[in-house]
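*Asks:*
2 protein chains.
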Amino acid sequence: MKLNPAQLAEFEEQGYLFLPDVFDAEEIALLNGELPAIFAQQRPEVVREKGSEAPRTAFHVQTWNPVFERLARHPRLVEPGAQLLGSDELYMHQFKVNAKAAFDGAVWQWHQDYGTWAADDDMPQPRAMNIALFLAEANEFNGPLMFIPKSHRLGKLRAGHDVTTTSYPLWTIDHETITRLVAEGGIVAPKGAAGSMLLFHGNLVHASGSNLTPWSRWIVYLSLNRCDNAIRRFKRPTYIANRDFTPIAMLPDDCLTAYARERRPAAE
Amino acid sequence: MKLNPAQLAEFEEQGYLFLPDVFDAEEIALLNGELPAIFAQQRPEVVREKGSEAPRTAFHVQTWNPVFERLARHPRLVEPGAQLLGSDELYMHQFKVNAKAAFDGAVWQWHQDYGTWAADDDMPQPRAMNIALFLAEANEFNGPLMFIPKSHRLGKLRAGHDVTTTSYPLWTIDHETITRLVAEGGIVAPKGAAGSMLLFHGNLVHASGSNLTPWSRWIVYLSLNRCDNAIRRFKRPTYIANRDFTPIAMLPDDCLTAYARERRPAAE
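Those protein sequences? They're chains A and B, same order as listed. Under our numbering, the first residue of the first sequence is numbered 51, with each subsequent residue one higher. Under our numbering, the first residue of the second sequence is numbered 51, with each subsequent residue one higher.
1. Identify whether D224(A) lies in helix, strand or coil by the three-state DSSP scheme.
2. Quick one: what's T107(A) bridged to in DSSP?
3. Just how far apart, CA to CA, sit E226(B) and A308(A)?
4. Could you name each continuous alpha helix (DSSP H) segment of 4 residues or more that falls completely within the region 119 to 146 of chain B, going from the start of the chain to the end?
5. CA-CA distance, L58(B) and E103(B)?
6. Can you name the residues that DSSP bridges to N180(B)?
7. Is there at least one Cβ from chain A nearer than 8 Å to Q112(B)'s Cβ?
8. Less than 8 Å between the C-beta atoms of N192(B) and K150(B), yes or no?
9. Quick check on DSSP: helix, strand or coil for E318(B)?
10. May I ask which residues mark the beginning and end of the beta strand (DSSP E) holding G360(B)?
11. For chain B, check one thing: does any of its Cβ atoms lie closer than 8 Å to the Cβ of V255(A)?
12. Going by DSSP, what residues sit across from M173(B) in a beta bridge?
13. Buried or exposed: Q144(B), going by 16 or more other Cβ atoms within 10 Å of its Cβ?
14. Can you tell me which of L185(A), H256(A), D224(A) puts its alpha carbon nearest to the alpha carbon of G83(A)?
15. Could you tell me which of P297(A), C277(A), M173(A), A188(A) sits nearest to N261(A), measuring between CA atoms?
16. Taking the CB atoms as reference points, tell me whether Y271(A) and N148(A) lie closer together than 8 Å.
17. Within 10 Å of its beta-carbon, does R230(A) have 16 or more other beta-carbons around it, so buried, or fewer, so exposed?
18. Quick one: is S102(B) near chain A, going by C-beta distance under 8 Å?
19. Going by CA-CA distance only, name the one from M142(B), R93(B), E129(B), P287(B) that's closest to F295(B).
20. Straight-line CA distance for R93(B) to Y66(B)?
21. Counting only C-beta atoms, is F145(A) closer than 8 Å to chain B at any point?
22. List, in chain order, every chain B residue whose beta-carbon is nearer than 7 Å to that of S217(A).
23. Under 8 Å between the Cβ atoms of P70(A) and S246(A)?
24. Is there a Cβ of chain B sitting closer than 8 Å to that of V213(A), yes or no?
25. Let me see if you follow: with CB-CB separation under 8 Å, is F89(A) close to chain B or not?
26. Using a Cβ cut-off of 7 Å, pull out every chain D residue sitting near I237(B), in sequence order please.
27. Between which two residues does the alpha helix (DSSP H) holding Q64(B) run?
28. Name the one or two DSSP bridge partners that V72(A) has.
29. Assign A308(A) to one of three DSSP states: helix, strand, or coil.
30. What is the rounded straight-line gap between the Cα of E119(A) and the Cα of V111(A)?
31. Is it buried or exposed, Y75(A), if we count other Cβ atoms within 10 angstroms and call 16 or more buried?
32. Along chain B, in chain order, which residues have C-beta atoms closer than 7 Å to that of I228(A)?
33. Sorted by chain position, which residues of the same chain lie with C-beta nearer than 8 Å to T107(B)'s C-beta, five sequence neighbours on each side aside?
34. If you pair each beta-carbon of the region 252 to 266 of chain A with each one of the region 247 to 254 of chain B, do three or more pairs fall below 8 Å?
35. Quick one: which residues of the region 148 to 162 of chain B get their C-beta closer than 8 Å to a C-beta of chain A? List them in chain order.
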C-alpha cells in the first residue's frame, strides 16, 4: 500500500492523513474477536481507567496475542510509515490497543506524543509517528481523536507532566498554548468505520474526550520510529517504550486472513 | 413566538425541538457580558467542577443579576413552554446557567430531569420541561447536549443516585437501559450558534461529555412547570428547586435591548 504524492503532501501540510476502508470486515472481526480476552487479563500491560475496572490501554499486545503479533508487522501499517519517515529501517517504539470503553472511557488531555517520547525516553528527533487503526467506528459521540491541524510544524512544545487527570501519566500542553494553536488551526476529529486508518506526526497536538455512549471506540496504535533515532533512556518499562530496536520485518498482506484459515477446523 | 403545528408534532414525536436564531447578537452580547461576574461570585448558587475552580452551574441567577432577571421572564422562552405544556399558568422550577467551561467542563451522566424532579422534589407529573438557550456555540467538540430521541415516551425510568461522578448529585440511568434505548433511538447532538434554543421534554434522556476545547459552551436552562403540578417536597434548596409557584408574568419581547438602552450613558 503506497501513499500517492497528494497524500504525502497532505500529511506534510496538515500533520495527519485519514484513510478509510484499509482493513476489511473479516480482518476487523478477527482482531475484535481477541479484544475481550485481551482486556480481561490482569497484567501490568493492561492499564485500567482511574477509579474503574474499565480497560484504558493494553500495551505490547504483540508479545502476548498471536493475532496482534501479526498486525504489528502488517504491511498496510508499516509501509506508509516507511514512506512518511523516509526509511525502510523502522522499529516499533510502542504498540497498544486503546479501549475508550463504552460509558467509562475517559479523556486524554492535549499532548504531542513526541513530547513524551523526548521527555521520558530521550528520543533524539521527532522522526517517529503513529499509525492508528480503528477497530470500531469513531463517531462524534464516542470520544474521537481531536487534532489541531498543522500544529506539528511548531516543533516540540513546552509541556507539563500530568499525573493526576487520568490513570496514565502524560506530558500535556497548557491551556494558553492550546487556545493560541486552536485559534490558528481549529480542531478536526476524523471519523469513520472500523477498518479506517489515521496516520499522524509525532508532533501533532491531539486529545480525546470522554465516551458516555454504549459504543466502545477501540483503536490500535503502532508508534513507528526510525532505527537511527532510537531512544536513549530506559526509564519506562519496555512494554511502554520498547528497547528492542530490531527493524520490523513485514509479513504478507494476507497475514491475518491466512492465520484465520490455518486455525479453522478442517472440513470433514 | 408561536410554534407551528409541525413543530408541535415534532416535539411530541422526538421529545425535543431545535430552534436556530431566536436571540440576536446584541441580546447575546448583553447576556454574555454578565457571565464573568456571575461565575466569579463565591456563593452557594455557584457550583464548581469537582477538583477545580472552574464554574459548573450558576443557579437562580434571576434573583441576583438584573439581565438574567429579565431573561427568566422572556416571552421567547416562556411562550413555547406554555404551548407545549398546555397551560398559561407556568412557574419556574429552576433557572441556571451551565458553563461547560473551556478545558475543565466535565460530564453530565445520562438522566431524565423529571427523574430528579420526582425523586427529590416530589413533582407529581412529567408536565414540566426545559427551555435551553445557547449563549455560546455548541459544536461537536465542546461537549454538546446528547439526546436519545423518543426516550421521553417511556415515562420515568428507574434511576440511581449518582453522588460521585461529578460535583452535582443526579439521578442517573444504568448502562443496560441506555444501551437498549440507544439501540432503538440512536443519539443526536443538536448543534448551533449562540442564540439558538433547544426545547426538551422532562422525560427525554440526555447527557453531555467533557469539554477539552478552548471554547466554553455556556447554556441557560429555564425549567418550566405547570402551576397545577407544583412540587410537594422541599428537600433541595429553593435556589435549586424553586418553592415560589407564582405564575410567570412575561415581559415584552424587547425587554433585553430596552434594559441595555436604559443603562447606556446619555449622549452629550
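Built from N, CA and C at the ideal position, the CB exists for glycine as well.
*Replies:* Straight from the coordinates:
1. Along the first sequence, one-based indexing puts residue 224(A) at 174. Coil, per DSSP.
2. Within the first sequence, numbered from 1, the residue matching residue 107(A) stands at position 57. According to DSSP, which records beta bridges pairwise, T107(A) is partnered with V97(A), N148(A).
3. Here residue 226(B) refers to the residue found at position 176 when the second sequence is read from its first residue. Here residue 308(A) refers to the residue found at position 258 when the first sequence is read from its first residue. Between E226(B) and A308(A), the C-alpha separation is close to 37 Å.
4. 125 to 135
5. Counted from its first residue, the second sequence places residue 58(B) at position 8. Counted from its first residue, the second sequence places residue 103(B) at position 53. For L58(B) and E103(B), the distance between alpha carbons rounds to 41 Å.
6. Here residue 180(B) is taken as the residue at index 130 of the second sequence, counted from 1. Paired residues: F250(B), S273(B).
7. The residue labelled residue 112(B) in the question sits at position 62 within the second sequence. Output row for Q112(B): interface = no.
8. In the second sequence, the residue the question calls residue 192(B) occupies position 142. In the second sequence, the residue the question calls residue 150(B) occupies position 100. Closer than 8 Å, so yes.
9. Residue 318(B) sits at position 268 when you count from the first residue of the second sequence. Here E318(B) scores only 49 on pLDDT, less than 50, and its place in the model is too uncertain to base an answer on.
10. The shown model of chain B, from 51 to 318, leaves out residue 360(B), and the question about it has no answer.
11. By 1-based counting over the first sequence, the position of residue 255(A) is 205. Chain B contact via Cβ: absent.
12. If you number the second sequence from 1, residue 173(B) lands on position 123. For M173(B), which the question treats as bridged, DSSP gives no partner whatsoever.
13. Looking up residue 144(B) in the second sequence gives position 94. Under this definition Q144(B) is a buried residue.
14. Taking the first residue of the first sequence as 1, we reach residue 83(A) at position 33. Ranking the options by Cα distance to G83(A), first place goes to L185(A).
15. Numbered from 1 along the first sequence, position 211 holds the residue referred to as residue 261(A). The shortest C-alpha separation from N261(A) is found at A188(A).
16. Reading the first sequence from its first residue, position 221 is the one you call residue 271(A). Reading the first sequence from its first residue, position 98 is the one you call residue 148(A). Cβ atoms of Y271(A) and N148(A): closer than 8 Å.
17. The residue you call residue 230(A) lines up with position 180 of the first sequence. Exposed.
18. Locating residue 102(B) in the second sequence gives position 52, counting from the first residue. Not one chain A Cβ lies under 8 Å of S102(B).
19. Along the second sequence, one-based indexing puts residue 295(B) at 245. Comparing Cα-Cα distances from F295(B) to each of M142(B), R93(B), E129(B), P287(B), the minimum goes to M142(B).
20. Taking the first residue of the second sequence as 1, we reach residue 93(B) at position 43. Taking the first residue of the second sequence as 1, we reach residue 66(B) at position 16. Approximately 33 Å, taken between the alpha carbons.
21. The residue given as residue 145(A) occupies position 95 in the first sequence. Not one chain B Cβ lies under 8 Å of F145(A).
22. In the first sequence, residue 217(A) corresponds to position 167, counting from 1. Within chain B, no residue comes near S217(A); the closest Cβ sits about 15 Å away, beyond 7 Å.
23. To locate residue 70(A), count along the first sequence from 1; it is residue 20. To locate residue 246(A), count along the first sequence from 1; it is residue 196. Result yes, Cβ atoms of P70(A) and S246(A) sit closer than 8 Å.
24. Working through the first sequence from its first residue, we reach residue 213(A) at position 163. No, V213(A) lies away from the interface with chain B (no Cβ there is under 8 Å from its Cβ).
25. Here residue 89(A) refers to the residue found at position 39 when the first sequence is read from its first residue. No, its Cβ sits nowhere closer than 8 Å to a Cβ of chain B.
26. The structure shown contains no chain D; the protein chains it does contain are A and B.
27. Reading the second sequence from its first residue, position 14 is the one you call residue 64(B). Residues 55 to 64.
28. Residue 72(A) sits at position 22 when you count from the first residue of the first sequence. The partner list for V72(A) (beta bridge, DSSP) is empty, contrary to what the question assumes.
29. Within the first sequence, residue 308(A) is the residue found at index 258, counting from 1. Three-state result, A308(A): helix.
30. Mapped onto the first sequence, residue 119(A) falls at position 69. Mapped onto the first sequence, residue 111(A) falls at position 61. Each residue's Cα considered, the two are about 7 Å apart.
31. Locating residue 75(A) in the first sequence gives position 25, where the first residue counts as 1. Reading off the sequence shown, one finds Ala at residue 75(A), where the question assumed Tyr. Classification for A75(A): exposed.
32. As a first step, residue 228(A) is located in the first sequence; it is residue number 178 there, counting from the start. The answer, in chain order, is P264.
33. By one-based count along the second sequence, residue 107(B) stands at place 57. Counting only Cβ-Cβ distances below 8 Å, and skipping sequence neighbours, we find V96, V97, K146, V147, N148, A149, Y218.
34. no
35. A152, F153, V157, Q159, W160
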